[in-house]
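Numbering (full-length UniProt numbering), first residue to last: 1 to 884. Idealized CB from N, CA, C, for every residue including glycine. All remarks here apply to the structure that follows.
What follows is the structure, encoded as structure tokens:
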């Protein structure tokens, strides 16, 4: 079918006629819609302005066929010599026509949305619609908003359908989600669709993204409804252009579906145009009930106006084509030649900006630039707008009011473990401690039997899930029953999709998390050390000596004696309490010094130098006694253990073979070969009992779950030092993005808070019998060097001042002509002799010494009056005699 539009009344009759081809699928709704839009665009553009050119459209029907579309393009170029072609509509048709346009240098303005068609590869191709890849970010944002981790991507088995897949997959990964499965639908499929849907029902994922043409999507959703996949728990998202081309029949089967489409502005201009368009369209198509504007029609409207602007600028040239000279057998394309206006017309259209009915109509490098996407929800007989998405701001609303399939407002979880589906393939390690995980096989049936703490815990977790999961345990072993590799290799098998999960004593590590997703830990985290318990009764009897080292004890004793000596030197000449026979003076001095330990000294000191020395010494004693009490209390509360820096002492440390702790600790003690590797708990016990000097080890370093398992059997001989290094503990490993991770993690936390956790632990590991402790060491002299330095200097300074004063008072002895021996003898007599003013401080035994009261009269042999002059700094003593 071919026809053109004759100039209407009011148009410039002298305007140069610009022939333009239009290729549409007349039998499709979109073809009929675009036809009306194109008519109206030409009328609106030329009716209200002066113009020197005028587009004359020449319509052709492609019949939804690729060959027909190519034939229509050749016909328009050869027989009509059009300056440009609008269309075809579908990407698969446009692919051929674009090649023809490049050949003859004629612009092809097509709404083809396939990313496989690139305007960058063809200088005469202009995409007049948004590329379908631009909506992948909007769909990925919806998936991320609802926390879905996996989706199934369903698309048509064409280049157009598959073109969106790589962009969508990449954008999903950025949001921490993935395409778990791709379902490809043949354009001619009927019964095969139902078969594919039944296969999809067997999978866990319940989120589906559909990228199908309108006719195929109608059949697909009708069958999805028959398969029971439009019920509660399912989530469906459709992509454009399907969202923009929904019809009443398709909508009836798509209740609750979400869709994205280009946002149409709600301006007054658009509203007024919509009224005119509805009237016009219904007049031309009375059998069709279309009331909403279609964005593809608006793009066609704006494209015609853009083309008209470009033609008005470059004009119409004659001849229109530069034909090749006759000669030889020419093909149709060779006979057409090349366009004379195309090279100047194409650049004007490929970079064009205007304010159109569709909004900001901006073409850059031949590509119409996208802006905002509208998020719609299929409800009832139409669609409701529930939000918008832009690349700058993301989704416009925090809470989208959506009615999901099954007429529910509850957000679908996004996955479900199908009752009729396959079992959960669970990989289990071989060669682990049997109490944690033990793998065996039935001799008759060869069935795999697994048991242990990890298995019991995992199966209790499965019971807490809101759905039924049947695990199938698969040992990670060779044909002869040996382990197939390390735990890292076992975890990597999940990444390779050999297993759905791994259950066992698998530690959560950063390098493993690159390939799998772990649940929250279900064991106590950390690396600790096993050491032998010191069972020495002799040591316990003398434990009160342990808080301080021998050197510190000797130093304290020496300072007691030294301080006592200094006090005696400073006091014995002026203080009666420090006089008497030599033995009495020695006893008083030692008593005074050692009684300061308990602050029980009763002797008064008179000299200010003595007071200074005693104050400093009492402070030192306070610090020493406090430190002793604290350390002794800790030692009595917590049993003394060996030091953790055994490597520095040349002692051997043991590790579990195959454990990550082995490599971890080797890195911590690089440069040392003082480590030994063991496989079993019995080997642990044997190595520890032999000791480092007899071919064994002084300690075992391992993860806390293994240590507690060992101590449950040997608690009386060994104990655990608190963790030195932190780890994340054991966890269950699943595939990246597995929806099971969240639910299993929640079940783990619930199980750990209940009594079943204790029951499982007691069954396989045993009751808690050994508590962790920190290794405590005796306090040594180094920690109190400053304290003794202060006390020693204080006493020495006081002693030096006293000696200086004493020698000054007895300088006449030093200045005499006596021999040195005689001088020393005289100085000694002066030293031990009572000082002249001693009577001012203490008299004979009949005297009463009063130091506190300012005025007291006492009757004895004498009347003694003490009075204090307020103007003096010392007490004035006045003695008066009286008769009895």
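By the C-beta density criterion, residue 481 is exposed, having fewer than 16 other C-beta atoms within 10 angstroms. Measuring C-alpha to C-alpha distances from residue 727 to each of 521, 348, 824 and 708 identifies 521 as the nearest.
For residue 339, the three-state secondary structure derived from DSSP is strand. The beta carbon of residue 352 sits closer than 8 Å to the beta carbons of 306, 309, 310, 361, 362 and 363 from its chain, once the five residues preceding and following it are set aside; these are given in chain order.
The Cβ atoms of residue 731 and residue 519 sit closer than 8 Å to each other. By the CB criterion at 8 Å, residue 151 and residue 180 fall inside the cutoff.
Between residue 153 and the set 100, 424, 169 and 142, the nearest pair of CA atoms involves 169. By the criterion of a C-beta distance shorter than 6 Å, residue 205 is surrounded in its chain by 150, 152, 180 and 415, once the five residues flanking it on both sides are discounted. Under the three-state reduction of DSSP output, residue 28 falls in the coil class, being neither helix nor strand.
Distance between residue 450 and residue 379, taken at the CA atoms: about 51 Å. Judged by DSSP in its simplified three-state form, residue 196 adopts helix. Measuring C-alpha to C-alpha distances from residue 700 to each of 531, 443, 246 and 749 identifies 531 as the nearest. When DSSP reads this structure, residue 367 sits in a beta bridge with 127 and 364.
For residue 425, there is no enclosing alpha helix (DSSP H); the enclosing beta strand (DSSP E) covers residues 424 to 428. Counted as a single uninterrupted DSSP element, the alpha helix (DSSP H) harbouring residue 585 occupies residues 582 to 595.
When rounded, the separation of the alpha-carbon atoms in residue 226 and residue 108 is 42 Å. Burial of residue 688 is indicated by the presence of at least 16 other C-beta atoms within 10 angstroms of its C-beta. Taking each of 563, 507 and 746 in turn and checking the Cα distance to residue 659, the smallest one comes out for 507.
Judged by their CB atoms, residue 441 and residue 470 are not nearer to each other than the 8 Å cut-off.
Residue state for residue 441 is assigned as strand, using DSSP reduced to three classes. Beta-bridge annotation (DSSP): residue 451 is paired with 438.
Under the DSSP definition of a beta bridge, residue 677 partners with 655. Inter-segment contact for the stretch 401 to 413 and the stretch 271 to 282 is absent: fewer than three beta-carbon pairs are separated by less than 8 Å. Approximately 7 Å separates the beta-carbon atoms of residue 219 and residue 190; this is inside 8 Å, confirming the contact. By the Cβ neighbour-count rule, residue 554 is exposed, with fewer than 16 other Cβ atoms within 10 Å of its own. Residue 735: member of the beta strand (DSSP E) spanning 733 to 735, first to last residue. Exclusion of the five residues before and after residue 87 leaves 22, 23, 24 and 110 as the residues of its chain whose Cβ lies within less than 7 Å of its Cβ. Residue 831 counts as exposed, since fewer than 16 other C-beta atoms from the protein chains shown sit within 10 angstroms of its C-beta.
Bridge partners of residue 61 according to DSSP: 24. When rounded, the separation of the alpha-carbon atoms in residue 20 and residue 84 is 5 Å.
Counting C-beta pairs closer than 8 Å gives fewer than three between the stretch 702 to 718 and the stretch 482 to 490, which falls short of the contact rule. Under the DSSP assignment, residue 711 falls in the alpha helix (DSSP H) whose first and last residues are 704 to 714. In the three-state DSSP reduction, residue 230 falls in the coil class, being neither helix nor strand. Taking 8 Å as the upper bound for CB-CB distance, residue 438 and residue 474 are not in contact here, some 15 Å apart.
By the Cβ-count criterion, residue 829 is exposed, with fewer than 16 other Cβ atoms from all chains shown falling within 10 Å of its own Cβ. Within its own chain, the residues whose Cβ lies closer than 7 Å to the Cβ of residue 338, once the five positions on either side in sequence are excluded, are 104, 105, 321 and 322, listed in chain order.
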